[in-house]
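Read through the structure below, which is laid out as structure tokens, and then see the notes.
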């Protein structure tokens, strides 16, 4: 009866484990690298091999110029874009490395910040941040993080002139990130010390109240125009270089188009504010965070792949580039933009242009069959709404096949279809979010009419041309399509 096996599980009080921000961050670092201690040692050795010190007694750190030099060394094919984005990337690494608390004023990139930033900015963080911890008695042990949380972290890491947090008005929502991290930490501690005693989110709230706020709802400030441009240029250059195999600088029209999406004319002088930034990333650039993560992973040799793993590709990149060169509608520059905006970027998997022509009516029956199937992309050149020398391009994507389930993190449901209403010279896109019903895109076999799902809009063919009418919520759009291409997997 007195044996140790009969003892009741012991609950570990989080107030004894996490008594300061430094302790929280230190414990969180253990959570992040719990199953990857070898890589942790490698990153620590890398840090020490290039670290600076002002005085012997001061902690070692990486100054901004060291970070930029390292990223250029690992990405020589994109040197100019990396150098231009270098100061922003350094600021972002400081923010992610200080998680779950804000960056302290004057803070340098010490070893712990360096180690956390690498993990937090790569896709490996998803195994911790997005883990489903299940329920006890039907009650979730903790909240499930959502795509908007990732977008919020990105915005906060880039934004300038943030609002000061008012401690007197502090709410539980302000501590959302802190509560997440405290739960992750205590879940690990309980598993190690007393695995039969489960940790719950409710049990870490008292510990959180004794610590500074994580300022999770501090969404003031803006992403400045220069920072936004440097980020978008880096992303487009990465896609050009790593996917399309071209060393050409980013097309100014494409960058301008993307800038307009983030900064409407009414707010251009202010930069990109939170609501606009959130809506564009979630709705129009679902691959943006994944591409930035892939850049970090390649830079720190976490993976040899850029964005897409080789085994998921049915064709080699060279073969894909050959398909791209066959298009009469979309240029390589515009394809980089499409890679950024099509959910999960599966345009990279297309290996054939099945139909092309000057009239959808010629192939209405065949297109009808194809657009009932996932993995199809209809690209059309609009005959109205833009100048002759810079026509608008509109795209309808039927979503990706089941075989690619779990293929890549995305802010939208990858199986859902999407509509790119305008690729250039403006940027508008709609994709169903994870919680929304799947968007089906289809066409009737009647050669005199092409219709789509009610949510996506209706296509009709007057006089051999295609009139696309779209109504989604408050959005209403009509476009007359001339030349078209149907890409298939």
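Residue numbers (this note's numbering): 1 to 489. The beta carbon of each residue, even a glycine, is placed where N, CA and C say it ideally should be. All of these numbers come straight from a predicted model, not from anything done at the bench.
For residue 111, tell me which candidate among 153, 381, 48 and 253 has the shortest Cα-Cα distance.
48
Tell me the start and end of each unbroken alpha helix (DSSP H) in the stretch 114-145 that is at least 4 residues and wholly inside, in chain order.
126-129
Starting from residue 357 and walking both ways along the beta strand (DSSP E), at which residues does that stretch end?
352-357
Rounded straight-line distance, which links the Cα of residue 141 to that of residue 295
If you draw a straight line from the Cα of residue 295 to the Cα of residue 141, it comes to about 33 angstroms.
Taking only three categories from DSSP, how would you classify residue 38?
helix
Length of the line joining the Cα atoms of residue 179 and residue 129:
12 angstroms
In the DSSP assignment, find the unbroken beta strand (DSSP E) run with residue 394 in it and report its ends.
393-397
Counting only the same chain and skipping the five closest in sequence on each side, list residues whose C-beta sits under 7 angstroms from that of residue 118.
43, 296 and 300
DSSP three-state assignment for residue 103, whether helix, strand or coil:
DSSP places residue 103 in coil when its eight states are reduced to three.
Apart from the five residues on each side of it in sequence, which residues of its chain come closer than 7 angstroms, Cβ to Cβ, to residue 274?
155 and 219
Out of 92, 121 and 192, which one is the CA nearest neighbour of residue 503?
Past the edges of the chain, shown from 1 to 489, lies residue 503, and the structure says nothing about it.
If I'm right that residue 31 touches residue 184 with Cβ under 8 angstroms, what's the distance once you round it to whole angstroms?
5 angstroms
Rounded to whole angstroms, how far is the Cβ of residue 240 from the Cβ of residue 250, which I believe are closer than 8 angstroms?
Contact between residue 240 and residue 250 holds: their C-beta atoms lie close to 7 angstroms from each other, under 8 angstroms.
Just to confirm, is the Cβ distance from residue 152 to residue 12 under 7 angstroms?
no
State yes or no: is the C-beta of residue 485 within less than 7 angstroms of the C-beta of residue 379?
yes
Can you tell me whether residue 396 is buried or exposed, with buried defined as 16 or more other CB within 10 angstroms of its CB?
buried
Residues in the same chain with beta-carbon distance under 8 angstroms from residue 96, minus the five sequence neighbours each way, listed in chain order, please.
Counting only Cβ-Cβ distances below 8 angstroms, and skipping sequence neighbours, we find 116, 117, 120, 121, 153 and 157.
Indicate whether residue 207 and residue 25 have their beta-carbon atoms separated by less than 7 angstroms.
Going by C-beta atoms, residue 207 is not nearer than 7 angstroms to residue 25.
Report yes or no: is there a C-beta of chain B within less than 7 angstroms of the C-beta of residue 226?
The structure shown has no chain B; it contains just one protein chain.
How is residue 51 classed by DSSP in three states: helix, strand or coil?
coil
Who are the near neighbours of residue 159 in its chain, counting only those whose CB is closer than 7 angstroms to its CB and skipping five residues on each side?
221, 222 and 223
Distance, Cα to Cα, residue 492 vs residue 72?
As shown, the chain starts at 1 and ends at 489. That puts residue 492 outside it, with no answer to give.
Taking residue 67 and residue 89 to be in contact with their CB atoms under 8 angstroms, please state how far apart those CB atoms are, rounded to whole angstroms.
7 angstroms
Buried/exposed call for residue 302, threshold 16 Cβ in 10 Å:
buried
Would you mind sorting residue 487 into buried or exposed? The rule is 16 or more other CB atoms within 10 Å of its CB.
Residue 487 should be labelled buried.
From residue 150 to residue 298, what does the alpha carbon distance come to, in whole angstroms?
20 angstroms
Proximal residues to residue 19 (C-beta, below 6 angstroms), its chain only, five neighbours per side dropped
none
Do you know whose CA, among 393, 375, 246 and 50, lies nearest residue 399's CA?
The residue among 393, 375, 246 and 50 with its C-alpha nearest the C-alpha of residue 399 is 375.
Rounded distance between the beta-carbons of residue 291 and residue 198, thought under 8 angstroms
Rounded, the Cβ-Cβ distance is 37 angstroms, inconsistent with contact.
Beta-carbon within less than 8 angstroms of residue 244's beta-carbon, same chain only, minus the 5 sequence neighbours each way: which residues are those?
321, 324, 332, 335 and 336
Determine the DSSP secondary structure at residue 223, reduced to helix, strand or coil.
strand
Within 10 angstroms of its Cβ, does residue 147 collect 16 or more other Cβ (buried), or is it exposed?
It is buried - the Cβ of residue 147 has at least 16 other Cβ atoms within 10 Å.
Can you tell me which of 247, 277 and 248 puts its alpha carbon nearest to the alpha carbon of residue 258?
277
Is the beta carbon of residue 338 closer than 7 angstroms to that of residue 480?
Not in contact: residue 480 and residue 338 (Cβ atoms no closer than 7 angstroms).
Figure out for me which residue from 210, 98 and 114 has the closest Cα to the Cα of residue 40.
114
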